[in-house]
Each structure stands twice: as structure tokens, then as C-alpha cells.
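S.K.: One structure follows; several queries about it will come next.
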Amino acid sequence: MTRMIERWFPCAEVSDASMVGWGSGNTEASLWVWFAKRPTAQAKAAVLTSLLPWPEDKAEQRKLQDAVREVLTANTPARVRAANMMGGAVSTIRAALQATHPEGARVLDPFSGRAMIPLEAGRLGVHAEGIDYSPFAVLGGSLLADIPFQNWTDEPPLPFRGGGQDQDGGRLERDVETFLNEVGRRFIESMADFYPKHSGGYPWGYLWASTLPCQECGRRFPLVGELRLRLPRSATRTRPEDPGQSFFIDADPRTGDFRAVVHEGEPKGTPTRVFTGRSKYASAGRVAVCPFCEHVHSKAVHTRLSAEGLRRDVLLVAADITEDGTKAFREPTEQEHEAVERAEQALTKEPPFGPLSARPDERIPAGNTWIIQSVNYGDKTYGDLLPARQSLGLIRLARAVNELAEDCLKAGLSPAYVRALSGYATAATMRKTRTSSRGARLQIGSSVKVGDIFVAQAAILHSYDWFESGLSEGPGSWASLAKKTVSALHNVRKRGPARSAEIHRGSAIMLPHRDRSFSAVITDPPYDDMINYSDSSDLFYVWAKRAMITADSSLAMTMHPDGVQEKDEEIVVKRGGSQAGDHRTLEHYDTMICRAYREMRRVVAEDGVVTIVFGHGDVEVWERMLHALHEAGLVITASWPAKTEAGGAGAGALNIVTTVTMACRPAKPDRGRGNLMAVESRIKEAIRDRMRLWESSDLARDDMMMAAVGPAMEIAGQYESISDNTGKPVELLTLLATAQKAVQEVTLNRIDSVPLELFDERTKFALWWIDLHQRRQVAKSELRWQGLRSGLSLAELKTLVKQDKKGCRFVLSSQVSPVIDDKSAVIDIALAMAKAWKGGADDVAEVLVAAGREGDDEQLWATITFLIEKLPEADPDALAWTALVRVRRPIESATHSAHETRTAESRHTQREDMQSRLF
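Sequential numbering from 1 applies to the sequence shown in the numbering used here.
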């Protein structure tokens, strides 16, 4: 039976829903700290289309398409209710699922992460299972896709105030709120002595810095990279003008003492850490300048001093929250300095959590200098990442969670429910950890807040100056984190009932399931070296297992010698791990992902599909992925793109902006060998046939390019290998390029009245690029893909598409100076004509003569007309080409005259040469 995903996928609806609202997955992602966020819209669409059939009757096809669209666009409570009404979209979908899977559909995600795919399968009432190698991810997945949908009504009441039924008859949300509030009460009570109140309330937070000894005068000085504390703000109707706040380091060379002096307005001095060179990205980095003697310490020097253990922490500035919500900065009091010393002493006396030390002593594994950047500055254990008072705070938080877990168990609550309540408290603790450590800097913009330690994707930052949250109820406090956790849980549940999913720890290369036991395997596998999941989450793992030691001691079980999450079967390429001899190499990834795909093929039903969400833009990674699928015996039958994220570091980065949802089927046994010419002919015919369906479904033209992967690989998968006429094996990427080129030939078969095949390859590339992207900036990977389709190298294309750090875009004529001759491509001549237009018709004519073209060249004017139609009216080259079209006749005449002049001059020169040879 053909599944819906093999013929249609709601690309536009997924792209639209993934950006904002319920479809973005932001609510679900806020419940647990993890690094890959699959939008719920894409997860829901993948589940729906992988399980639903594709009927032969076109009316039934449209009925199911409309139902899927309605479910994906139900972005308001009223539309959700309408979709769930009797006879509505959900009823249509459930009826189709029941007819297709009379014994009940079963879905497996072997790389479940935070369990977005099992969650969406459960929301359809489908039996769903998720497996992940990371125990930290498994806990988060159960908090999202399992626990919220279980029935907890028979549990005894909590043994402290506030427990019981909530208003809608459930009890989980109310008990989680009560549990977290009690954790907060005990936490604040245990930490109050270390965070003295100021003016009757707890401070919002504290600015810290590391100190190092000056290599010239020997005095310790703080390394500070920013002196602003709050930006100035103009007056409004409700607020007076705010001059902002800054500080400077007042250093007394006589005593060797220093202090931070807070003042209004812009900074009065310079930081003690400043950039050198022309760019902040220069290899020299920031130097450290001693405020006592002005001695300059290079990056290499201050990094070495820090790595040698000479770094010390110092409190510089305190911050309160005023009645109008303003963050007001001031110098710390003597009591606040004394409290810091008490916290350092108390930390040394903290008892262990059973077999676990109070402060994490798990060593940071070798090769983590990119992910745990503080390793370069001397940190050796995960406990080293946090200053003493922050460490004490997390210890006391974990202690409060365990105390409450013990109280609940004594009160007769089930171990499963205690694990659930402790899990949500741990989730809030993890969010607090995310704004802790020396990587959490003060972020100063329209508002002042504590920064995230993961601003560089999944790498944990390190800074010499950082911000610590206090005990107030402001942003970053336990009260705010607890409230957000309860709110996230509420929003997940209010999307509607669901069947709880089963989330387990396991390995994708050895699935604990019978052969052919799942209707669909739907997964979002790891992408090469994009995210090193376990290494990036180990900081959270070492704290989570302490918070959960009473409720779930199995979380702490690991065979890794450093006490962190196991790595042996993790399927990633370890970034920066080669120098440390890490086993997670490119070869390891390719071998293990192939084994995982082979396991998916084993457990999927005979008529089921394996659906893979893939989001890497690099052509080489795609080639390796296609090879792994082929080796595993899986054949791609469909491929659908969707813009699921807004990007990150810019369009040029290998971030996940567009992801592809692919359907695969187990390959048939005894596949023969294919001939390239015959296979390419079949692929082109299949593309022409499939495009009628794509066009009727309003699939965008650039989406058709990626959709072409499906039929191409489906045909290629019918052969064990494919060879050209010389017997040389053909790579799968070659066939992918054939399919995408077939799309181009169908959709852009004529330029004006000139058949596309008459144009040179370089011009075909340019016309197709402009048709898709105009002069918009796109990811660099798009250039590599387009080059593959055209058969042109990146070196040949660099004069047509300019690249920079942000991405790439088509050139302006002013950016190129091509040498024009009779071998020049039509696009190069057109660009040269636009550039020459400033000199008038005669200069344009000279370009045509140099190219050996007549003034009425059909290809050239067809190209110019096409470019004018596709580019914005204000585009400078479009303006020049429009002017050229208006004076086409004079240009033709000037070109004709120039040709005649050139011909006459050539004949005259030839005669003179002949005469010189005669005499």
C-alpha cells in the first residue's frame, strides 16, 4: 500500500506552522534542556503522512489532504475544537488510520531526543515508543510524551500544603506546582544566609570576574570585558529618562586594592580585557591590561595563567530590582562579601548524595576543548565550571528535591509518581543550570538579563566576567523557572488528550523489538558533527543524577570511567576529538548510522515506511547518507523539504534552516545491475509524471528540486549497482542531479521563445538560480547543490555567485570584470552589457563585437528579457537591461557598424601583412 508521504507532504503548511505558535515546538522545548528542536508541526506531519494511505480515488486523496491541512493549521482554540468535532478532520484521520491499521498502528523513534515524534504519535492515539542512547534525554522525553498523559488520580495527596485536585479534574499540574514551590521554599531557606537581603529584599543578582596576578607588578586584577551595566533610555509617558549605568575599576597602586565603582551614564574608562587587531575574531583575541601598571598580557599569557590554576573569583557589582522593574546596580556591601566567604566554607562541608560527591567531581573527558571551552582555562571537572556559591546553590536545590522525594515516598505515593514530580523539579533545576557557571554573562540590550551558556549552539561558553542570579523573584530566579515549568506542562496538556508514549534508554544499533513489528519508524537522526549530544549535555547530566538519586537512582548508572554519559555507541562525529583519539570519527559515524538504518529496516512492517528527517546542507554529508541507506537495504521513495527554523548564525552556516522529510522502503531482494543511460531515462520520465501531481498540489518550484530525490532514489534502489557505458560505477548523487535537472528542464524549458537546451551550461545555471532566488542571500550549501546539478565546479561559478560569511548571492555586474571573447557564456555577455551601459550604446556594441555576437542575437535578448522579469524593478542591473531593451535598435545598428568597422580594419591589416611579406 502506498503511504501518503510517498506522494504528498504538506510542505507549505509545515513551513508556515514551524515558525510561530503551536507548530514551532517552543512550548514543548521549554520543558527540558536539549539541543535539537524538531517543530511539532513537522513531527505531526511526518507521523500523519507516514501512517495514512494514499487512496487511488482522487476524491479520497483530496479528502485526506484537506484533513491533514486542517489539523496542521488549527492554530487557535476554536479551530482546534472544529478539527476535533464529530465528522471533523481528526475523525476523518482516525477513521483512515483504523481502516489502514485494523490492529492498531505502532510508531517507533530510535533517536527520540526530547520525544517530539512519540508525543505527536500519541496525540493521534497511536502506540508510540521512543529510544535514546542518552539517559538525560530519556528523562526529558518521558516528562514530555509519557507522564503528562498518564492517570494519576489514585495517588495519595502530597504530604505538604497545596496538594490535591486541580480545577479540570486532573492533578498532575497542581501537584507539580506544589512540589516545585516547596522545593523553592526549602532552597531559599537553606541559602538565605549566603544571599543577604538589601533594602528589605533579596538582590536580583551579582556581577563577578576572575582575577589573575599581573606578570609585571604581581598584583591581582579582575579581567573585565564590558563596563556597561544598563543602557540609557529615553523618557516615556510612564517612565522618566534613564541615563543608564556603567562601572569602572578603581585600582590603587599603593595598596594593591581595587574596587568596582558604579556610576550613571556611559563608561568612563576602558575594560581590562580589550580586543587587539582589526577584528574581534582575530587569532590574537583579547589581551588583559593590568589597571595598576598597565602591563599588557597577551591571550596566550592570560590563558596559560588561568590553566595553571592561578584564577580566583571576585564579586564586583550587586543588582536589585526596583519597584518599576528596573535593574539597579550598586557596589556590594560588606555583608555580601562576607556571605561569599561563608558559602565557600559551607561548600566544603556538604555531604554526598549517596555514592555521588556533593559537588560534581566527574572529569571532563579529553577532547572537549571546543564543547567545554573552560577546559582551555584550567577546568578539569564539571564541578569546576561553577563558582563556589553557585555550586552550593545547585547542591541545595538537588538536596531539596531529594528530601521531598523521600517525604512523598513515606506518604505512600508511588515510585512512578515521585519520579514524575522529581523529574519536573529537575527540569526547572536544569533551566537554572543553563544560566549558571562562568559562561552566563550579563546581557545588556532593551532589557537586562542573564545570558544563556549555550549561545554558541551546543558549546558551553567560558568568560572571565559573568553574572550570578540571586534569590529574588525576578528573571532567572527559582520562582520564575518553576512558574515556566508548570506553564509549559499546562500548555502541552491543553493541546488535547494523548496516549502516553513509552520512552526507554537503548541503542539504535540494537533495537529490543521483533522483526516487522512497527507500522512506521519515524526519526530525526543525528547529523554528522552538527551537535555532540552527550558531551554537550553532560554538565546537566551530572547535576540531574544528583537531583534524581532518590526518585530514580538508575539515572546515575553509567559505564563511562569519568562518570558521564556513555559514548561507545553514540552516533556522532566528535568535533575536535581527533587529537584526543576519540573513537567517534567519520568512519565510526558512517558505520554506526548504517547499522541503525539496518535495524530500522528490520523492525518496520513489510508494508511500512521508514521516515527520516534530515537537515544537513553539505553535499558530502548527503552523499554519505545516501550510501548508508543503500548499504542498509533502504530505498528512498519520497523526499519533501520544509523551512522549519529561522536559522542561527546566518544563512551561510550549516545550521538547520530547511529540513527534508524522506520516506524509505526496504529494498527488494535480488536486485540486479542497471545501465546509467536507461536509469536516467526512467528517472526523467518519472519526474515528468510526478510533477503533474506536485503542480496540482501547489508545490513551490524550489521544493520540487528536493522532492525529485524521492522518485530518483526509488528507481535507483531497484538496482544493486548502476554503471555507465564503460562499466564504471555511478554515484547516487549523479542520479540525484539528473532528477533535479529534469525538474529544471520541465519548469524552465524555454527562455522567451528560445529552448533551454540551446543555452550554454553556465547560462542555464544563472537563469535557474535567478528564477529560484533572484538576488536573495541563500545558504552556501545551495551553491554546492546547484553546481552539482549543472556539472560546473565552484571555481567556475565564483564569478557568478559571491560568497561571504553570511551566505551567497548572485553577483551584480559592477562586481565582475569578465574578459569577453567569442567563447564567453551568454550570461557573462549580458552582465558585461549592463556594466557597459554607463558609456552608452557604442560601449555596449563593443561588448557584442568582442563576443562575436550580432546586435539581434536571439539568445542574448531572451536572457536579458528573462532577467528583467525575474529581478526587482529597482535592481541596478535590471534597470540597465531595461534601458538596453528600450534602445535595442540603436544598439543593433551600432553593433552592425562596429562589426563592419572591425571587418574593414581586419581586411586592411591583412592587406598590409600580405604586402609586407611580398616586399
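Here a beta-carbon is modelled for each residue, glycine too, at the ideal position from N, C-alpha and C.
Does the separation of the CB atoms of R311 and Y377 fall below 8 Å?
M.R.: Yes, these two residues count as a Cβ contact at 8 Å.
S.K.: Let me check one thing: in DSSP terms, what residues is I612 bridge-paired to?
M.R.: According to DSSP, I612 bridges with T523 and M662.
S.K.: Any idea what DSSP makes of E264, helix, strand or coil?
M.R.: DSSP places E264 in strand when its eight states are reduced to three.
S.K.: Taking buried to mean at least 16 other C-beta atoms within 10 Å of its own C-beta, is T659 buried or exposed?
M.R.: Flag for T659 reads buried.
S.K.: Jot down the residue ranges of each uninterrupted beta strand (DSSP E) in the segment 121-169, minimum 3 residues, whole runs only, in chain order.
M.R.: Those beta strand (DSSP E) runs which fall completely within the segment 121-169 and span 3+ residues are 127-132.
S.K.: Can you say whether Q345 is buried or exposed, counting buried as having 16 or more other CB atoms within 10 angstroms of its CB?
M.R.: It is exposed - the Cβ of Q345 has fewer than 16 other Cβ atoms within 10 Å.
S.K.: Could you say which of S534, V709, E334 and G383 lies nearest to T637 if we only look at CA atoms?
M.R.: Residue V709 is the option with its Cα nearest to T637.
S.K.: Below 8 Å, can you find three or more Cβ-Cβ pairs linking the segment 51-70 to the segment 667-687?
M.R.: Contact between the segment 51-70 and the segment 667-687 is absent, because fewer than three Cβ pairs lie under 8 Å.
S.K.: Rounded to whole angstroms, what's the CA-CA distance from K925 to G807? Just pull it up for me.
M.R.: There is simply no residue 925 to check, as the chain begins at 1 and stops at 919 in what is shown.
S.K.: Would you kindly report the start and end of the unbroken beta strand (DSSP E) that includes C594?
M.R.: Note, C594: premise wrong, no beta strand (DSSP E); alpha helix (DSSP H) at L586 to V603.
S.K.: Can you tell which of E341, E403 and M4 has the C-alpha that lies nearest to the C-alpha of E182?
M.R.: That would be E403, whose Cα lies nearest to the Cα of E182.
S.K.: What does DSSP give as the partner residue(s) for S723 in the beta ladder?
M.R.: S723 is bridged to N675 and P729.
S.K.: Report yes if the CB atom of F179 is closer than 8 Å to the CB atom of Y533, and no otherwise.
M.R.: Against a cut-off of 8 Å, the Cβ pair of Y533 and F179 comes out as no contact.
S.K.: Can you find the residues in the same chain that come closer than 8 Å, C-beta to C-beta, to I931, ignoring five residues on each side of it along the sequence?
M.R.: The question about residue 931 has no answer here: the residues shown for the chain are numbered 1 through 919.
S.K.: Compute the Euclidean distance between the alpha carbons of M625 and R602, then round it to the nearest angstrom.
M.R.: Straight-line Cα distance between these residues: approximately 18 Å.
S.K.: Just to confirm the assignment: which complete alpha helix (DSSP H) runs, minimum length 4, are found wholly within the segment 21-87?
M.R.: Entirely contained in the segment 21-87, the alpha helix (DSSP H) runs reaching 4 residues are, in chain order, 26-29, 40-51, 58-72 and 77-84.
S.K.: Expressed to the nearest angstrom, what Euclidean distance is found between the alpha-carbon atoms of E854 and H896?
M.R.: Cα to Cα, the separation comes out at about 7 Å.
S.K.: Spatial neighbours of V289 within its chain, please: CB distance less than 7 Å, with the 5 preceding and 5 following residues excluded, ordered by chain position.
M.R.: Contacts found: T272, V274 and V296.
S.K.: For the candidate residues R546, E570, G476 and A795, whose alpha-carbon lies nearest to that of S940?
M.R.: With the chain running from 1 to 919 in the structure shown, residue 940 is simply not present.
S.K.: Helix, strand or coil, according to DSSP, for F580 in the structure here?
M.R.: It is Ala, not Phe, that sits at residue 580 in the sequence shown. The answer is helix: DSSP assigns A580 an H, G or I state.
S.K.: Which of helix, strand or coil does DSSP assign to H101?
M.R.: Correct three-state label for H101: coil.
S.K.: By DSSP's criteria, A251 is part of a beta bridge. Which residues make up the other side?
M.R.: DSSP output for A251 lists F258 as bridge partner(s).
S.K.: Does the count of Cβ pairs from the segment 757-776 and the segment 798-805 closer than 8 Å reach three?
M.R.: Touching, per the Cβ criterion.
S.K.: Along the chain, where does the beta strand (DSSP E) containing D804 start, and where does it finish?
M.R.: V801 to D804 is the extent of the beta strand (DSSP E) around D804.
S.K.: Below 8 Å CB to CB, which residues in the same chain sit around Q390 once its five sequence neighbours on both sides are set aside?
M.R.: Closer than 8 Å at the Cβ level, and outside the excluded window around Q390, lie S436, S437 and E468.
S.K.: Exposed or buried, what is R750 when buried is set at 16 or more other beta-carbons lying within 10 Å of its beta-carbon?
M.R.: Per the 10 Å Cβ criterion, exposed.
S.K.: Name the one or two DSSP bridge partners that Q443 has.
M.R.: The partner list for Q443 (beta bridge, DSSP) reads K449.
S.K.: Per DSSP, F518 forms a beta bridge with which residues?
M.R.: In the DSSP output, where bridge partners are listed per residue, F518 has V604.
S.K.: Assuming the contact rule is C-beta atoms closer than 8 Å, I93 and V47 should be a hit. Round their C-beta distance to whole Å, please.
M.R.: At roughly 10 Å, the Cβ-Cβ gap does not stay under 8 Å, so I93 and V47 are not in contact.
S.K.: Per the contact definition of three or more C-beta pairs closer than 8 Å, is the segment 838-846 in contact with the segment 726-733?
M.R.: No, the segment 726-733 does not touch the segment 838-846.
S.K.: I need the straight-line Cα distance from R888 to A845, nearest angstrom please.
M.R.: Cα-Cα distance, rounded: 10 Å.
S.K.: Alpha carbon to alpha carbon, how far is E473 from T211?
M.R.: Using only the alpha carbons, I get a separation of about 30 Å.
S.K.: Report the partner residues of A318 according to the DSSP bridge assignment.
M.R.: DSSP lists Y206 and R330 as partners of A318.
S.K.: Between the C-alpha atoms of E334 and A260, what's the straight-line distance to the nearest angstrom?
M.R.: Between E334 and A260, the C-alpha separation is close to 14 Å.
S.K.: Could you give the residue range of the beta strand (DSSP E) that holds G807?
M.R.: Per DSSP, G807 belongs to the beta strand (DSSP E) from G807 to F810.
S.K.: When you compare each of K380, R3, V287 and R671 to E362 by their alpha carbons, which one comes out closest?
M.R.: Ranking K380, R3, V287 and R671 by Cα distance to E362 puts K380 first.
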